[in-house]
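Add 988 to the 1-based position in the sequence shown for the working numbering, that's all there is to it.
Cβ coordinates follow ideal geometry from the N, Cα and C atoms, glycine included.
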Amino acid sequence: MIRRRDFITLIGGAAAWPLAAHAQRPAIPVIGFLNTQSPTGYADRLDGFRQGLKEIGFVEGENVTIEYRWAQGKLERLPALAAELVDRKVAVLAALATPNSVAVAKAATTTIPVVFLVGDDPVRLGLVKSLARPTGNITGVNLFNNEITTKQLNLLRELVPTATRVAVLVNPTSGNAERTARDAEAAARAMGVRVQVHKASSVGEIDAAFAAVADSKPDAVCVTGDALFNTRRIQLVQLASYHHLPTGYPSRAYPDVGGLMSYGANVTEAYRQAGVYVGRILRGAKPSDLPVIQASKFELVINQQNAKMLGLTVPDRLLAIADEIIE
989 MIRRRDFITL
999 IGGAAAWPLA
1009 AHAQRPAIPV
1019 IGFLNTQSPT
1029 GYADRLDGFR
1039 QGLKEIGFVE
1049 GENVTIEYRW
1059 AQGKLERLPA
1069 LAAELVDRKV
1079 AVLAALATPN
1089 SVAVAKAATT
1099 TIPVVFLVGD
1109 DPVRLGLVKS
1119 LARPTGNITG
1129 VNLFNNEITT
1139 KQLNLLRELV
1149 PTATRVAVLV
1159 NPTSGNAERT
1169 ARDAEAAARA
1179 MGVRVQVHKA
1189 SSVGEIDAAF
1199 AAVADSKPDA
1209 VCVTGDALFN
1219 TRRIQLVQLA
1229 SYHHLPTGYP
1239 SRAYPDVGGL
1249 MSYGANVTEA
1259 YRQAGVYVGR
1269 ILRGAKPSDL
1279 PVIQASKFEL
1289 VINQQNAKML
1299 GLTVPDRLLA
1309 IADEIIE
């Protein structure tokens, strides 16, 4: 026989069971995603990032949440967006766009782990002390490769075998500008090609640079890797088409919007690697114990439609080695 007091105690305890069970469930971790751009055109990269997380056991919407902050190309918004994510107390902050977003993320917190993806030397940028042993709360993926420009020029010359003069576009504010220009000049000399370096560090300067390029009448143009150029890829592709200039680019984002050819790091793969690192940190790894990853997967993409418009026949060898042909 259950006394009334015991019965009330029993019912009261049972009512508390769901609350207790809920309180014991582990909190779902939140990833802060900071990017200088907009979601448009980022589907493949985000798929790569989510794939990397999945490899470590995290699935967005199931056992991890991602808070996205897009600056929509307005770099002045980055500090406020980073502050929002820090106030949200995210478990990891992923800054996967440009040195601007990484620098802002690093300045916003010294305690929340930060995973970056940059196309510049992270040591020179002051992000880490060394690639092998980053210190503090930051690590990530580095897309920079000294031989990219040389390879770009060689492939461009193979596509335009009659080229004897090539214009190279660099951003003088980039930390790699001088080295890139030197690499381009050395590669050109080895091929018996003359190079003229043009500089642009703003939207207006891109227009002016291409006007100067067109006046010099080169046989081809090589656009080097740079965050500004990537954000203005449609502008660059349209200028190259308008001036009827065969142009090589540093990533597949350019052929995707009509550019002739690209050779560079596979950015989707780099996003996957960044996702793996974010997942490992969520599992307890420290950023300082995770060496900066050097991009190792590169891809050649050719836009056949652009080639036909320019009256170019893509050599069989390039067709055979290309990772993708856009018809």
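Counting C-beta neighbours from all protein chains within 10 Å, is the total for residue i 16 or more, i.e. buried, or is it exposed?
i, result
"His-1010", "Residue confidence for His-1010 is low, a pLDDT of 47 falling below 50, so the modelled location carries little weight; the figure read from the coordinates is stated next. Classification of His-1010: exposed, given that the 10 Å Cβ count is below 16."
"Gln-1140", "buried"
"Ile-1309", "exposed"
"Gln-1261", "buried"
"Asp-1075", "exposed"
"Met-1297", "exposed"
"His-1186", "buried"
"Gly-1020", "buried"
"Pro-1279", "exposed"
"Ser-1190", "exposed"
"Asn-1125", "buried"
"Ser-1089", "buried"
"Phe-1024", "Here the sequence assigns Thr to residue 1024, which means Phe is not the residue at that position. Buried, by the Cβ-count rule."
"Asn-1254", "buried"
"Ala-1015", "exposed"
"Val-1156", "buried"
Confirm, please, whether the CB-CB distance from residue j to residue i is below 9 Å.
i, j, result
"Thr-1168", "Thr-1219", "no"
"Leu-1115", "Pro-1122", "yes"
"Ala-1071", "Ala-1096", "yes"
"Asp-1032", "Thr-1235", "no"
"Ala-1164", "Gly-1213", "The sequence shown places Asn at residue 1164, not Ala. Yes."
"Ser-1229", "Val-1289", "no"
"Gln-1293", "Leu-1119", "no"
"Ser-1162", "Ala-1215", "yes"
"Pro-1206", "Val-1154", "yes"
"Val-1102", "Ala-1079", "no"
"Val-1181", "Ile-1044", "no"
"Ala-1208", "Val-1245", "no"
"Ile-1314", "Val-1302", "no"
"Val-1106", "Leu-1131", "yes"
Looking only at DSSP bridge pairs, what is residue i linked to?
i, result
"Ile-1281", "Val-1129"
"Phe-1021", "Tyr-1056 and Ala-1082"
"Glu-1287", "Gly-1252"
"Glu-1135", "Its beta-bridge partners do not exist; DSSP assigns none."
Give the DSSP-derived three-state secondary structure of residue i in the structure shown.
i, result
"Tyr-1259", "helix"
"Ile-1016", "coil"
"Lys-1187", "strand"
"Gly-1155", "Sequence inspection shows Ala at residue 1155; the Gly mentioned does not correspond to that position. Three-state DSSP puts Ala-1155 in a strand."
"Ala-1215", "helix"
"Tyr-1265", "helix"
"Ile-1314", "strand"
"Gly-1236", "strand"
"His-1010", "With a pLDDT of 47 at His-1010, under the threshold of 50, the predicted position of this residue should be treated as unreliable, though the coordinate-derived value follows. Helix, per DSSP."
query = In chain order, which beta strand (DSSP E) runs of at least 3 residues are fully inside the region 1080-1113?
reply = You should have 1080-1083 and 1102-1106.
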